[in-house]
Structure formats: structure tokens, C-alpha cells
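In order, the protein sequences belong to chains D and B. Numbered according to the numbering used here, the first sequence spans residues 1 to 379. Numbered according to the numbering used here, the second sequence spans residues 1001 to 1379. For each residue, glycine too, the CB sits at the ideal point set by N, CA and C.
Protein chains: 2
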Amino acid sequence: MRTDHQSLQAFVVRCLQRVDVSESDAVTVAHVLVSADLRGVDSHGVARLRRYVDGVRKGKIDPHTEAAVLAETSTTAVLDGRNGLGQPASCAAIDIAIEKALETGLAMVTVRRSNHFGIAGYYALRATRRGLFSMVGTNASPQVAPTNGASPMFGTNPIAVGFPTDPRRPFLLDAATSIVPRGKLERLHREGRVMLPGWAVDPYGRSTTDIPAVVNGLKAREGHALLPLGGLGETYGGHKGYGLATVVELFCGPLAGALWGRHVYGRTGAGLGHFFLCGRVDFLRPLEEFQAEASQMFDELRSSPKARGCDRIMVAGEREYEVEQDRLENGIPLRPAVIDDLMRLATENGVSGPAWQEGSTPSRTQAGGYPLAVQDEWS
Amino acid sequence: MRTDHQSLQAFVVRCLQRVDVSESDAVTVAHVLVSADLRGVDSHGVARLRRYVDGVRKGKIDPHTEAAVLAETSTTAVLDGRNGLGQPASCAAIDIAIEKALETGLAMVTVRRSNHFGIAGYYALRATRRGLFSMVGTNASPQVAPTNGASPMFGTNPIAVGFPTDPRRPFLLDAATSIVPRGKLERLHREGRVMLPGWAVDPYGRSTTDIPAVVNGLKAREGHALLPLGGLGETYGGHKGYGLATVVELFCGPLAGALWGRHVYGRTGAGLGHFFLCGRVDFLRPLEEFQAEASQMFDELRSSPKARGCDRIMVAGEREYEVEQDRLENGIPLRPAVIDDLMRLATENGVSGPAWQEGSTPSRTQAGGYPLAVQDEWS
């Protein structure tokens, strides 16, 4: 079944208001979550709503607070998320970064004491719409082992980089610094499929393909771990992925003044950190020239020789843009388990569910025949 | 045989002065090149000197020019390298970025019409010594295929990120966005060893392990290509490495106003672009607090459980720091082929060579027993 994005957003707002989140914060969260569903990053969309609602209900997330600016200069600001929802704090942060960057050329804003903020790309896109390039990152619950290690020490630490290459379809890289997220393993298991060697390690640091052991080990924090981009050891550049994950952790933890590494999601709350960097393209190059050359570069990439068996070369953000166009028009397909969970949430909170339309559940293949094989690997 | 770094630097200066490079520019190039040899990034050290000397001699690089500031604001500057040596232009750029960042909190400087600048990490470290975090990148001759592609469209596009975590031993990630550089394939071939599947593709985009075919294909730009970090296709995140390479290319090409993609090293010269971003840690977090927490994070990483068969977990920049300490004390070991080439350069240019000491040639194992398996993969 499918639902349209407005109906889904309105449902998210209703649920969050029932646990005492203000209307404006609820709208913000709804917008960020549903933008993930629209873009095909299903793992970071409304499938996460229960965690937010339950998190507030259990007192883990403060629904009443507002992010506070602890310090600022003309190019920087330090925000305290005060353990509120991650999305309102992060929208405040990127908007401050945008205004400062428009004024001075460059800006960086950090957030500490925050919670899950959704997809990093949402915030990067908010800046590209204003003609800025942007870089956004967050730390996350520990799941990824360092090179030569056997225990989860970092989150999947996504990083998003956006450029205002095309106002309608900006360049957006939004990628976890691990090879795959835990959610992908859970999905493969649900579908009766296998995981590949080199994605995760057992408590001895050896590659494993035992999905239940990995997923349960990660949940229990008992010594299974995902591997960083580049994989096991250094043969395929695993130390580079580990290095990138460390960069994100340094920005989001020690620099932002947030928790980091194994300490996030501890007794004092999630304590996550994020960073938001923006810069003016037009201080370095006239925007039209930049856009014309980026467009030519992308055209050359797309029309360059294809590997045998491949009929298309894409640019980061292109697939998600196409999925979004399709889902804006035809509605958002959700998995039966997600629909069931949303309807349970509706009942539990005494609100009406989204309006459902008949339609196929999400398939791994888009209408155009292009496989969405990694739609939930991007962040 | 070994030589000490001062003798090697003086030799580089002598050679460059013979092709009419000013003493101060020659000293700058010598410093950057030898810093690569000191840090164990042998592929980017004096082994490259011939290309610079011959490049100037053949009129491909202008020895007399000086980088010009085309535009600047309080946070940005745009430099034209005017086809001079990459190192003086890049030192000028990072120094402008450092001064602006110290003043305003954040700064970004781009360079266009430049040449090979050595290791990106050299410039990042220059900023960390001033208490700044930094990000530096460059584009390069086309060698890397996009995901689903079969032709080289980007360079190995290294990115370096530095943090002033410890004044003596700062955090430094300095990594090509490809899995391996071409130089690694050449070295393996020289040593009679094999390359692994998944590092490079043939003209049909299929993984190949035929080193001569790959190396010759890359040199002739005839359809062999290296693969981005994450490898072939999307299974292990190749699209993420491709995305990172694109990010570096966008900063260095369209944003910097330099050549990009297949157009670099064309008829008008290398036309490379670089970018240099710096920021003040202490505008976001007191430096001492940042350093204390980063240090604790690194200690936790190092002491976390090891994978079976591994006795050490490191942090980016640690291995290079240790190699540097060893080579500062015991001299820099060079391969016989590099020594021969340097001595030929000495003869050709009518200058005396470096002073050689007896000593082992570079091995893959450091005194401490830690394998230097990837010392030249980092950039």
C-alpha cells in the first residue's frame, strides 16, 4: 500500500503532538522523516517514528525543550540540543549556519546533547537551496570496528556533502562511513537472503556472514561489529573508511562537546553530536559558471563508457531525486511491517492513521527498471 | 642506502635552482617532497623530483611565476597558480587560509592553474600546528572509473583532514579516494608480486589483475581504470568512494575554476585545482578540552579488543609520525632505482648528489615490527 507524503506528514504530527511535542517541532520532525521516505531512504523515514514517540514517552527525549546557543561568532555557533528531538535542533543549527555563511562566506555550527536527526542529506539540501555548498555529519550508536579491531567503537557516522549544482537536482552525497548499516542486514534476513563476507566481524574480528549473530551482537553491544568503508584490514582501504569515521567522530564528539564513541546512548541519554558546515559558492566562483561546469562534468560522467552489463552511470543524489519525483506523484509505498507499526502507533495514541491507497509495496526495482539495490545504504 | 633529510632537501634545492627556480620556491618544494619521504609516503617524495625538473625544462611548468590572488573576502581567497610549481602556490594558499581562519574562525582558499602539489597532508599539518582543523584536497590525472563505468574520469583525488589533537602528533587522515594508487601496482610488479582483484578494471569494466595491462592502459589513457574506495559496483560501497572522489573534483575543478575530469593534463598544461579549508577549534570548544577528549578517544581505540592476529590498533597519522621519528634520527632509506635516478639528475644538472650513508633499503617492516604495508596508499 501507498500513502501520499502529506497524509504521512500529518500523521507524524498527530502522533508527536500526542506525546506533547509542540506543533512546530512535530512539523519539523515530520518533514525530515518523510523526506527520507520520499527519497527512498526507507530505513530513516517513518519506520523510525516509534523510536521517537516511545523515546519521549519513556522520558529519554525531552519534548518541551529548545536548542540553546551557547556561543557564537560571525562564522561559528555552538548549540546545546538539551536532549530534545534531533530534528528541530538540527534545523536551527543549519539555519544559523546558512545565515552566517550568506553573510561571511563560510560558517560552521555544532550541536551537542542531541538525539537522532534523521538523514544528514536533509540538512545539506537545505543549504544547497540557498546557493551554498554544505557538509553535515553526525555520530551514532557504536556499531563499527576500527581497522584491526573487533569491537564497535564508532557509529555508522554518515557524512553528507551537497553542492548547488542544479537548483532542481543538486549534487548530494549522503553516505554512512560503514559499508552497510545494520538495517540492511535486518532486511536481508527478513527477506531470507544472505549477507556477504567482509561487511561485519565476529567478536574475534573475523569476517562473518551470520546475520542473527551480528544483529544480536550489535544490539547487545557484545563484540560483533560492522566494518568501515574499505572493509577488513587495509587491503581494500579499510583504514581509509576507519579514518573517515574518525573524522566525523572528532567533529561531532570532542569538537562539538557531545558524547562520542562507546559513550553515546549511555545513562545520560543519547548525547549525540552533529556538525553543519556551509559556504558560499559565489565567493569563489560565479554561481552560473560553477553550475555550468558541474553540469558538463556530470554529463561527461553519465555518457562515459559503461562497464559490461551496466546501462547507466549516475551522480550522487540522482537516484534519490528520481525516487522522490516518483513518490511525490504516485505516493510512498511502505512495507507491511511498517504499515502495521504505524497503525499500532495510531491506535496507541488515539489518532487516525495515514490515508492508504492501493499500490505495490516497495520493490527493489523502480519503474524505469533501475535497481534500487542500495537505497538504504546511503546513510 | 640512506640519506639524512637535510642533505636530501639541499639536493632538491640545487637541482631546482639549476632549472631557474628561485631559491625560496626550491626550498618550499624540497620541504614538501622530503616531508613525504620522512613520513614514509615514498611515492610522493623525491622519487617525483625528475618530473618537476623535466617539467620545468620542457616548458610545461613555469619556474618564474608566482601565484596571484584573483579575489578575496574575509573568509575566502581564489588563487591562480599561473602554471607554476604546485608547492609554492599551495603554501601561499594554506598560509592565507590559516591567517584568515585565525582572524574570522573559518576560511577556504582555492587554487587553479596549478601543478602537482605533493602530499595533501603537508598542508593540513601546517594548519594543525596553528591550532586549526583543516581539510585539503586536489584533483589529479584521470585514473579512476565512476561506479558502473569503465574509463578513468577522475584522479585518485586525495583528501587530507587534520585536527590539532596533539601538538606533537596531530590526527591526520591523508587518503586517496581510490583503493590503491597506480604507484602501488608498479611497485608490486617490480617486486614480482601480484595485484588483487577488485582494485582495477579492464576496458570492459571487469575486475582485472593484469598489472602491465592496467599500468600501460592508465598511462595511455586507454580504458583501464582504478576503482574508487569501496570497489566494483555498489556491493561494498563503491558508489560512496566514487561520491567522495566527485566531491573532491567539484571543490578542485568547477569551484576552484581549474580543469577537471579528463581535461587535466591537457594541451594547456596540468591545470590542476586544490582547496584548503581551515577552522578554529577554540571558537567551538576550548582547545585543551578538545585535545583531552580526542586523546581519550584515541586511547580507547588503541586499547579496544584486537582482531585475532592483530596486535595493534592505530589512529590516522600515527604510523607516519613514527616513521618520521625514525627517519629523522636514522636517515631516509631510498630504493636503489630512486637513488640511481637522483644521481643521474645530479649528473645531468651538474650538481653534487645527496650524501649517502650505509643502511638498509626501505623494507616493508619497521624496526618495531609493524608492517608498513600501505605506506604509499595514503595519498
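| Which full runs of the beta strand (DSSP E) of 3+ residues lie inside the stretch 33-115 of chain D, going along the chain? | Within the stretch 33-115 of chain D, the runs of beta strand (DSSP E) at least 3 residues long that lie entirely inside it are, in chain order, 68-72, 76-80 and 106-114.
| Quick one: what's got a C-beta closer than 6 Å to H1239(B)'s C-beta in the same chain, skipping five residues either side? | The answer, listed in chain order, is T1147.
| request: Report yes or no: is there a C-beta of chain D within less than 7 Å of the C-beta of S1114(B)? | output: Chain D contact via Cβ: absent.
| said: I'd like to know if G1192(B) contacts chain D, where contact means its C-beta is closer than 7 Å to some C-beta of that chain. | reply: No - not a single Cβ of chain D is within 7 Å of the one on G1192(B).
| field | Buried or exposed by the 16-neighbour rule on C-beta atoms within 10 Å, applied to G1143(B) | value | According to the sequence as given, residue 1143(B) is Gln; it is not Gly. Flag for Q1143(B) reads buried.
| message | Let me make sure I understand the geometry here. Which of L1277(B), F1290(B), E1300(B) and L1287(B) has the alpha-carbon closest to that of E1100(B)? | response | At residue 1100(B) the sequence reads Lys, which differs from the Glu that was named. Each of L1277(B), F1290(B), E1300(B) and L1287(B) was checked against the Cα of K1100(B), and the nearest Cα belongs to L1277(B).
| field | Separation of L79(D) from T110(D), as counted between CA atoms | value | When rounded, the distance between both Cα atoms is 6 Å.
| alpha helix (DSSP H) runs wholly inside the stretch 169-201 of chain D, at least 4 long, in chain order | Listed in chain order, the complete alpha helix (DSSP H) runs (minimum 4 residues) inside the stretch 169-201 of chain D are 182-190.
| field | Neighbour flag for T110(D) against chain B, beta carbons, 7 Å | value | Flagged as an interface residue toward chain B: T110(D), by a C-beta distance shorter than 7 Å.
| request: Apply the 10 Å Cβ neighbour rule to G1358(B) and answer buried if 16 or more other Cβ atoms are within range, or exposed otherwise. | output: In the sequence on display, residue 1358(B) carries Glu and not Gly. E1358(B) is exposed by the Cβ-count criterion.
| Which value, in whole angstroms, describes the spacing of the CA atoms of Y1370(B) and A1307(B)? | Note on Y1370(B): pLDDT 33, under 50, position unreliable in the model; no value is reported.
| Do you know offhand how far H1274(B)'s Cα is from P1254(B)'s? | Taking the straight line from one Cα to the other gives about 11 Å.
| query | Are any of the Cβ atoms in chain D nearer than 7 Å to that of F1163(B)? | reply | For F1163(B), a Cβ of chain D is located within less than 7 Å of the residue's own Cβ.
| field | Burial state of S1024(B), where buried means 16 or more other Cβ atoms lie within 10 Å | value | Per the 10 Å Cβ criterion, exposed.
| Hey, quick one: how far does the beta strand (DSSP E) through A256(D) stretch, first residue to last? | No beta strand (DSSP E) holds A256(D); DSSP gives it neither H nor E.
| query | So S114(D) packs on A89(D), CB below 8 Å; how close in whole Å? | reply | That belief holds up - the Cβ atoms of S114(D) and A89(D) are roughly 5 Å apart, short of 8 Å.
| message | Suppose the cutoff is 8 Å on Cβ atoms and the five residues either side in sequence are ignored; what does the same chain contact list for L1185(B) look like? | response | Once the five neighbours on either side are set aside, the close Cβ partners of L1185(B) are M1195, W1199, A1200, I1211, V1214 and V1215.
| request: Quick one: list the residues of chain D neighbouring K1240(B), beta-carbon separation under 7 Å, in chain order. | output: A175 and L229, listed in chain order.
| Is the stretch 1039-1054 of chain B in contact with the stretch 1259-1266 of chain B, if contact means three or more CB pairs nearer than 8 Å? | Three or more Cβ pairs closer than 8 Å define a contact, and the stretch 1039-1054 of chain B falls short of that threshold against the stretch 1259-1266 of chain B.
| query | Just the Cα atoms here: how many angstroms apart are D1042(B) and L1345(B)? | reply | Taking the straight line from one Cα to the other gives about 18 Å.
| task | Please list the partners that K1148(B) has in chain D, where partner means a Cβ-to-Cβ separation under 7 Å. | result | Residue identity differs from the one stated: residue 1148(B) is Asn in this sequence, not Lys. Those are K306, A307, C310, R312 and I313, listed as they occur along chain D.
| query | If you compare alpha carbons, which of G1257(B), D1282(B), C1310(B) and R1327(B) is closest to A1071(B)? | reply | Considering only alpha carbons, the answer is G1257(B).
| task | Can you tell me which of G1271(B), A1316(B) and G1233(B) puts its alpha carbon nearest to the alpha carbon of C310(D)? | result | C310(D) has its Cα closest to that of G1233(B), out of G1271(B), A1316(B) and G1233(B).
| request: Output yes if chain B places a C-beta closer than 7 Å to the C-beta of R48(D); else output no. | output: R48(D) does not count as touching chain B.
| field | Identified DSSP bridge partners for A1160(B) | value | As DSSP reads the structure, A1160(B) sits in a beta bridge with V1136(B) and D1174(B).
| Are there 16 or more other CB atoms within 10 angstroms of the CB of T1268(B), so buried, or fewer, so exposed? | Here T1268(B) is exposed, its C-beta having fewer than 16 other C-beta atoms within 10 Å.
| task | Examine chain B for any beta-carbon lying closer than 7 Å to the beta-carbon of R2(D), and answer yes or no. | result | It does not; no Cβ of chain B falls within 7 Å.
| query | Straight-line CA distance for A1150(B) to R126(D)? | reply | One C-alpha to the other measures close to 34 Å.
| field | N-terminal and C-terminal residue of the alpha helix (DSSP H) that L1016(B) is part of | value | From DSSP, the alpha helix (DSSP H) with L1016(B) extends over H1005 to R1018.
| task | For the alpha helix (DSSP H) holding F1276(B), just list the boundary residues, first then last. | result | For F1276(B), no alpha helix (DSSP H) segment is defined; the enclosing uninterrupted segment is the beta strand (DSSP E) at L1272 to R1280.
| Beta-carbon of G1243(B) versus every beta-carbon of chain C: anything under 7 Å? | Judged by its chain identifiers, the structure shown contains no chain C, and its protein chains are D and B.
| Going along chain D in order, which residues have a C-beta closer than 8 Å to the C-beta of G1198(B)? | The contact set of G1198(B) on chain D, defined by CB atoms closer than 8 Å, consists of Y236 in chain order.
| query | Should T268(D) be flagged as near chain B, meaning a C-beta pair shorter than 7 Å? | reply | With its beta carbon at least 7 Å from every one in chain B, T268(D) lies outside the interface.
| Under 7 Å by beta carbon: chain B residues contacting A316(D) | Neighbourhood of A316(D) in chain B, by CB distance below 7 Å: G1243 and T1246, in chain order.
| field | Same chain only: Cβ atoms within 6 Å of Q1375(B), ignoring 5 sequence neighbours per side | value | Confidence at Q1375(B) is low in this model, with a pLDDT of 36, below 50, so the placement of that residue is unreliable and no value is reported for it.
| query | What do you reckon, are the CB atoms on G1118(B) and V1248(B) nearer than 7 Å? | reply | For G1118(B) and V1248(B), no; Cβs fall outside 7 Å.
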